[in-house]
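Contents: one structure, followed by commentary.
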Amino acid sequence: MAELRAAVALFLVLTVLVGMIRVARGPSFADRMLVALLMGTTGVAVLVLLAASPGAGALRDVALVLSLLASVTVVAFARLAASGREPAAGPAPGHPDAPAPAPAAATVTVTATVTATAAATDATAAAGADAAAAPEPPP
Amino acid sequence: MTEPAWVAGVVVIPLVGALIAVLAGRRAAPIAVVTAVGAAVAAAALVRQIARDGVVEHAVGGWAAPLGIALRADGLSALFVAAVAVVGTAAIVYALAHPGTPHRFHAAWLLGWAGLAALAVSADAFNLYVALELLTLAGATLVALASEAAALRAALRYILLALAGSLAYLFGVVLLYAAHATLELSALGAAVTPGPVTAVAIAAMVAGLALKSALFPLHGWLPPAYAGAPAASAVVLAGLLGKASFLVLVRLWFEVVPPSLRPDAGLLLGVLGAAGALWGAVLALRQTRLRRLLAYSSVGQLGYLFLVFPLGTGPALAGAVYLVLAHAAAKAALFMAAGSIERACGSDELGALRGLAPRMPLTFLTIGLAGLTLMGLPPSGGFVAKWLLLGASLETGQWWWAIVLVVGGFLAAAYVFRVLRLAFLPAAGAAAIARAPRGAELPALALALVSLGLGLAAAPPLALLGAGP
Amino acid sequence: MSAGLAIDAALALVLPVLAWAVVATPDLRKAIVLFMALGLVAALAWARLAAPDIALVEAAIGTGVTGALLMSCVPWAESLTPASRRARADLALAGALAVVACLGWAIRALPEAGPGLTPAVLGALEVSGVEHPVTAVLLNYRSYDTLLEIVVLVAAAIGIDAVLPDDDARRRLAPPARSLVGVLSHLLVPGAVLVAGFLVWKGAHAPGGAFQAGAVLAAGGILLLFARRLRPVPFAARALRGALLAGPLLFLGVAVAPLVRGGRLLELPVAWAGVLILAIETVLVVTIAIVLLMFFPARVLASSRAPAATVEDPP
Amino acid sequence: MTALELVAGALLCAGAAFFLAGTVGLLRFPDVYTRLHALTKADNLGLGLIVAGLALDAGSVAEALQLGIIWSLVMVSSSLSCQLVARAARRAGVAPWRRR
Numbered sequence: 067m068a069e070l071r072a073a074v075a076l077f078l079v080l081t082v083l084v085g086m087i088r089v090a091r092g093p094s095f096a097d098r099m100l101v102a103l104l105m106g107t108t109g110v111a112v113l114v115l116l117a118a119s120p121g122a123g124a125l126r127d128v129a130l131v132l133s134l135l136a137s138v139t140v141v142a143f144a145r146l147a148a149s150g151r152e153p154a155a156g157p158a159p160g161h162p163d164a165p166a167p168a169p170a171a172a173t174v175t176v177t178a179t180v181t182a183t184a185a186a187t188d189a190t191a192a193a194g195a196d197a198a199a200a201p202e203p204p205p
Numbered sequence: 214m215t216e217p218a219w220v221a222g223v224v225v226i227p228l229v230g231a232l233i234a235v236l237a238g239r240r241a242a243p244i245a246v247v248t249a250v251g252a253a254v255a256a257a258a259l260v261r262q263i264a265r266d267g268v269v270e271h272a273v274g275g276w277a278a279p280l281g282i283a284l285r286a287d288g289l290s291a292l293f294v295a296a297v298a299v300v301g302t303a304a305i306v307y308a309l310a311h312p313g314t315p316h317r318f319h320a321a322w323l324l325g326w327a328g329l330a331a332l333a334v335s336a337d338a339f340n341l342y343v344a345l346e347l348l349t350l351a352g353a354t355l356v357a358l359a360s361e362a363a364a365l366r367a368a369l370r371y372i373l374l375a376l377a378g379s380l381a382y383l384f385g386v387v388l389l390y391a392a393h394a395t396l397e398l399s400a401l402g403a404a405v406t407p408g409p410v411t412a413v414a415i416a417a418m419v420a421g422l423a424l425k426s427a428l429f430p431l432h433g434w435l436p437p438a439y440a441g442a443p444a445a446s447a448v449v450l451a452g453l454l455g456k457a458s459f460l461v462l463v464r465l466w467f468e469v470v471p472p473s474l475r476p477d478a479g480l481l482l483g484v485l486g487a488a489g490a491l492w493g494a495v496l497a498l499r500q501t502r503l504r505r506l507l508a509y510s511s512v513g514q515l516g517y518l519f520l521v522f523p524l525g526t527g528p529a530l531a532g533a534v535y536l537v538l539a540h541a542a543a544k545a546a547l548f549m550a551a552g553s554i555e556r557a558c559g560s561d562e563l564g565a566l567r568g569l570a571p572r573m574p575l576t577f578l579t580i581g582l583a584g585l586t587l588m589g590l591p592p593s594g595g596f597v598a599k600w601l602l603l604g605a606s607l608e609t610g611q612w613w614w615a616i617v618l619v620v621g622g623f624l625a626a627a628y629v630f631r632v633l634r635l636a637f638l639p640a641a642g643a644a645a646i647a648r649a650p651r652g653a654e655l656p657a658l659a660l661a662l663v664s665l666g667l668g669l670a671a672a673p674p675l676a677l678l679g680a681g682p
Numbered sequence: 018m019s020a021g022l023a024i025d026a027a028l029a030l031v032l033p034v035l036a037w038a039v040v041a042t043p044d045l046r047k048a049i050v051l052f053m054a055l056g057l058v059a060a061l062a063w064a065r066l067a068a069p070d071i072a073l074v075e076a077a078i079g080t081g082v083t084g085a086l087l088m089s090c091v092p093w094a095e096s097l098t099p100a101s102r103r104a105r106a107d108l109a110l111a112g113a114l115a116v117v118a119c120l121g122w123a124i125r126a127l128p129e130a131g132p133g134l135t136p137a138v139l140g141a142l143e144v145s146g147v148e149h150p151v152t153a154v155l156l157n158y159r160s161y162d163t164l165l166e167i168v169v170l171v172a173a174a175i176g177i178d179a180v181l182p183d184d185d186a187r188r189r190l191a192p193p194a195r196s197l198v199g200v201l202s203h204l205l206v207p208g209a210v211l212v213a214g215f216l217v218w219k220g221a222h223a224p225g226g227a228f229q230a231g232a233v234l235a236a237g238g239i240l241l242l243f244a245r246r247l248r249p250v251p252f253a254a255r256a257l258r259g260a261l262l263a264g265p266l267l268f269l270g271v272a273v274a275p276l277v278r279g280g281r282l283l284e285l286p287v288a289w290a291g292v293l294i295l296a297i298e299t300v301l302v303v304t305i306a307i308v309l310l311m312f313f314p315a316r317v318l319a320s321s322r323a324p325a326a327t328v329e330d331p332p
Numbered sequence: 006m007t008a009l010e011l012v013a014g015a016l017l018c019a020g021a022a023f024f025l026a027g028t029v030g031l032l033r034f035p036d037v038y039t040r041l042h043a044l045t046k047a048d049n050l051g052l053g054l055i056v057a058g059l060a061l062d063a064g065s066v067a068e069a070l071q072l073g074i075i076w077s078l079v080m081v082s083s084s085l086s087c088q089l090v091a092r093a094a095r096r097a098g099v100a101p102w103r104r105r
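Chains as they are written, first to last, in my numbering: chain G, 67 to 205; chain B, 214 to 682; chain R, 18 to 332; chain C, 6 to 105.
Below is the structure:
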């Protein structure tokens, strides 16, 4: 039984490694994020398999933590990727009046450039306002 | 143990003060003052204890060395703790009086104080790493307090390079522990034998510490950090934090590194130190801003310290330690003066110094007195230090280091007089100059006098250093 | 070759390749995914090395916190000019190879793994107050290191506050919205709190402890922040600083108390050691979680609001 | 080898097969939505089978219970994650693939 578990774990590690090809191929950020999903689930599987060996029970706790937290990065990804048209309360983030050190000042440029790109597809009116301030036209 | 354990006290008091200062937020200043007084008392008590009883040990948690962490205070620890207390207290007074000190300064500096004290009394290789980490974080924070883009960049560079240095040091600690199952310095010193493990471990630790002490050619991070930090931060960075890694290096070198490895590696460190001493002084001459000038001067002065490695123990070690003390007081005084001038003129361009001396006499008196230590002229503490180093180099027949010391002294004289000459020239125009607050000028002058006093009364500190291992 | 050895070989091969790929990839978003993959492979490697304590940290920090932090920084990082963020991958590779060569040379010369300090650690376990040797080292034999490490975290908190002051950004965040992320946080955050408690409690006799628990709790907090169910609390708020410092202050109090009675710093009375360690660890969880959450002030959360168009790579 | 072990082993192998299917889908399917479909469904089922196989073989009820908790957590988080990724792609304007 122990050999079978180790063999299955090895097999799963190999499937993850093959799946990494998708990171290289993309083409979109979302596609690459899929690999993170894959690795989360498969990592949990490998850990519970390893945890079944005598004396390694603590690895089940690692699997527990991994299963609990795998979605945190996905949430961060979703916010990064998809919150462009969410209505902002108060002045827009990174608005020039932000009394800001480097990061926030940088945001000004980012929101401006990327909202310009968004406007090219099917941007909302809210994004369009920012796009007017874009330093250069979208590619 | 009937006597209060001052070895632990010198760490605990600034630690408590730092945490309460963080808690107090904007109202940290009075807590900083109280803490400085308490920590200074503890430092004095430790000095007294060591002068009387010699080396003091304290097994933290009651666990003896291989299992637990040993604190050990010798003469070197006591002198460094005392220097931290003197310069640190002056820096707090200066920060109170200097307008525009960020309110987070006190908390950040007290954390740094605790780290310096922890480092001074530690006899454990990993514990020293933790203390260095605390100093890294506190130091980067002190730089970042300026919250200007240039300062943030400098802070980022500071923290990245300091972490790289810490990591290299940690590599060495891990190897030594794996080989000898102890982290206590003297036990490691007894256990190490020349071989691949020792060679790689020592090389990694020395390289990491050299990077952290801005040894030429790894000094690039230092000038922007010291020049970009707020005035009060620059005082403690240049005066104290910059010397911490050198102190660890001294401990490592004379307690752990096997004597057979010392000559060749020591020669390399000495050559790099000499190159840094000259290069730093030359670059200091070429600066157009006062604070950058002082920062490059620090690169040069730190270079002299590394001459201790080819010159060995005895008078050379005493000279290097004495230079640490004298330079701590002098450079802190100079950065205080630079901060006051920057505040008064709105910039620290050297051109703005013209005609400033009559308007800020105390500040330029400070620059003159502290400059004596940079040049190594009698009767300053810098003179005593260089005299000891000179004597050691002639005694060991390595006269070439003496040339470096002398030439470096001339270069230092050149840049110090350049500043003073400008200040005593007639003013170009009637620029509006804000008066520097007395409270900011006096601590600077006091520290300059301390650096001078170290030259006039050199016997007691040197005797205390003799209470070492 | 047994399957276990084959897993080790695969991990050992993949780790450096992935690390190299992270450094060499010019596309930041791709590099982030690779970095998260690296974290997972590293967690598996620690698991195979029989170091579950570290695997736990790697899983919690690597998958829960670092990925989210990096994602939050993407808008800022992508605004930098390409020249300023070009990694010197060639130098990194050369440096890494040199370090590996030196370490390899040294490690080959290490004596056969002796018992080290293990007998001493196990011998004193009875009076340490806990049954798990790692916890005994961290919170009893070498608790001074841990105390200073916690102070390092406090220093980090001040540093974060200095770099990203969060005094006025509160108003710029959108109100909580009913969203998928909200549902997710409803389901997972109670779990995170439970697991954090479980890990602290378990740390007394098995892998676990304050650092792992703090990271898990912080990850739960990040979910709440992203779901807009938790507002970033500015460091200027005294309640936050109080919560942050309760742990270090308690720890320091326990450290100093014996000194007053003429004992040693951090000397734990045998009868009380277990209780004290559990109490210290419990409050430290909060400290650690708060410091990790400070990396996500309102300003960073607001700047992660980049439009959708950037999901697709430019053609 | 007992019958129980035989069943457990079979479950493990079946789980591995589903993981393989997930990876093949991730690599071979034409767009992000279909890949997501292959990945999250196949992998969760694969994990379920592996967890079931291990639970049969588990030393204690607590151990089996913990395995069950892990699986349910993965189910919750990956189903929601799947939604999040799909929505992000949708908003980004990634067009679903159509058979030509």
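We put the CB at the ideal spot given by N, CA and C, even for glycine.
Residues that residue i bridges to, as DSSP identifies them
i: Val619 (chain B); result: Paired residues: none, contrary to the question.
i: Ala272 (chain B); result: B:Ala283
i: Arg502 (chain B); result: B:Glu562
i: Glu397 (chain B); result: B:Asp337
Span of the beta strand (DSSP E), counted from its first residue to its last, around residue i
i: Arg366 (chain B); result: Element bounds for Arg366 (chain B): not the beta strand (DSSP E) but the alpha helix (DSSP H), 362-393.
Distance between residue j and residue i (C-alpha atoms, nearest Å)
i: Leu257 (chain R); j: Val617 (chain B); result: 54 Å
i: Ala68 (chain G); j: Ile87 (chain G); result: 30 Å
i: Trp218 (chain R); j: Gly226 (chain R); result: 7 Å
i: Ala278 (chain B); j: Ala59 (chain R); result: 33 Å
i: Leu32 (chain R); j: Lys46 (chain C); result: 28 Å
i: Leu66 (chain R); j: Pro182 (chain R); result: 41 Å
i: Gly340 (chain B); j: Leu350 (chain B); result: Position check: residue 340 (chain B) holds Asn in this sequence, whereas Gly was assumed. Cα-Cα distance, rounded: 16 Å.
i: Pro93 (chain G); j: Arg125 (chain R); result: 44 Å
i: Val131 (chain G); j: Ser160 (chain R); result: 26 Å
Neighbouring residues, chain D, relative to residue i (Cβ below 7 Å)
i: Ile263 (chain B); result: This model lacks chain D altogether; the protein chains it does include are G, B, R and C.
Min CB distance residue i to chain C below 9 Å
i: Ser133 (chain G); result: yes
i: Leu197 (chain R); result: yes
Residue i: first and last residue of the uninterrupted alpha helix (DSSP H) it sits in
i: Gly106 (chain G); result: 95-117
i: Pro132 (chain R); result: No alpha helix (DSSP H) contains Pro132 (chain R), which DSSP labels as neither H nor E.
i: Val206 (chain R); result: 197-219
i: Asp44 (chain R); result: That residue, Asp44 (chain R), is in no alpha helix (DSSP H); it is neither H nor E in DSSP.
CB contact below 9 Å: residue i versus chain B
i: Asp107 (chain R); result: no
i: Glu166 (chain R); result: yes
Minimum Cβ-Cβ distance from residue i to chain R less than 9 Å
i: Ala118 (chain G); result: no
Cβ-heavy atom distance, residue i to the ligand HEM, below 8 Å
i: Leu474 (chain B); result: What this structure holds is no ligand at all, so the ligand HEM is not there to describe.
Output, in sequence order along the chain, the residues in the segment 36-58 of chain C whose CB is closer than 8 Å to any CB in chain G.
Cβ contacts with chain G come from Val37, Arg40, Leu41, Leu44, Thr45, Asp48, Asn49, Gly51, Leu52, Ile55, Val56.
According to a CB-to-CB cut-off of less than 9 Å, which residues of the segment 69-81 of chain R neighbour chain B?
For the segment 69-81 of chain R, which is checked against every Cβ of chain B, not one residue is closer than 9 Å.
What residues in the segment 199-227 of chain R have a beta carbon less than 8 Å from any beta carbon of chain C?
Val200, Leu201, Leu204, Leu205, Gly208
Listed from N- to C-terminal order along the chain, which residues in the segment 77-93 of chain C have their beta-carbon within a distance smaller than 7 Å of any beta-carbon of chain R?
Leu78, Val81, Ser82, Leu85, Gln88, Leu89, Ala93
Closer than 8 Å between beta carbons: that is the criterion. Which residues of the segment 104-115 of chain G meet it against chain C?
Leu104, Gly106, Thr107, Thr108, Val110, Ala111, Val114, Leu115
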